[in-house]
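Peer 1: My numbering applies: residue 763 is where the sequence shown begins, and numbers increase by one.
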Amino acid sequence: MKKNLYLLLLLCCVIPAGFAQLHSVSLEQIDSLQRIEKRKTIVFIQTDWCQFCHAMKNSTFKNEEIIKELNNAFYFINFNAEEKRAVVFNKTTFQFKPTGNNSGTHELAIALGTINKQLNFPVLCVLNSENEIIFQHSGYLKPKELKLILAKLKE
Numbered sequence: 763m764k765k766n767l768y769l770l771l772l773l774c775c776v777i778p779a780g781f782a783q784l785h786s787v788s789l790e791q792i793d794s795l796q797r798i799e800k801r802k803t804i805v806f807i808q809t810d811w812c813q814f815c816h817a818m819k820n821s822t823f824k825n826e827e828i829i830k831e832l833n834n835a836f837y838f839i840n841f842n843a844e845e846k847r848a849v850v851f852n853k854t855t856f857q858f859k860p861t862g863n864n865s866g867t868h869e870l871a872i873a874l875g876t877i878n879k880q881l882n883f884p885v886l887c888v889l890n891s892e893n894e895i896i897f898q899h900s901g902y903l904k905p906k907e908l909k910l911i912l913a914k915l916k917e
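(1) Verify whether the separation of the beta carbon atoms of E869 and K853 is less than 9 Å.
(2) Return helix, strand or coil for F838, following the three-state DSSP convention.
(3) Provide the residue(s) that pair with K800 in DSSP beta bridges, ordered along the chain.
(4) Quick one: grab the DSSP three-state call for G901.
(5) Round the Cβ separation of F836 and K802 to the nearest angstrom and send it over; I've been treating them as touching at under 8 Å.
(6) Suppose contacts are defined by Cβ-Cβ distances below 9 Å. Is G901 in contact with C887 by that definition?
(7) Going by DSSP, what residues sit across from Q880 in a beta bridge?
In structure tokens, the structure reads:
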């Protein structure tokens, strides 16, 4: 019984310290957050079916250094490009636009993620504190690549 108690205490104290968690906010929260503290916003635009999106979620966004950097210096938004609900952002309402029976793309994903007239997932879109696009990248980013981008964005 005593061993179990010590094991439980050990697990409670050690495990949470080893696993940082990426703090994500919603698009609707950005305006009020910017009034509190001006930061750049990283919008990760992804879909449920995209293999590279899942790979980034499971590797790049699990990297302890990236999590720390994003949590400390940026606002992070994980946005599903096939979100069905209306989203108000920058005083504009964006809607889901169906393209078939069970398919479509959200207007906000198109607005933030289109690069050279194409929307390829995943997309990393960076907004300044006035919610203007200052950087976009489509495709998988390794942790090392994202670290370089975040360092440049902090300059």
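Even for Gly, the Cβ is constructed at its ideal location relative to N, Cα and C. Computed from a prediction, not measured in an experiment: that's the story for all the values here.
Peer 2: In brief:
(1) no
(2) strand
(3) The partner list for K800 (beta bridge, DSSP) is empty, contrary to what the question assumes.
(4) coil
(5) 5 Å
(6) no
(7) I877
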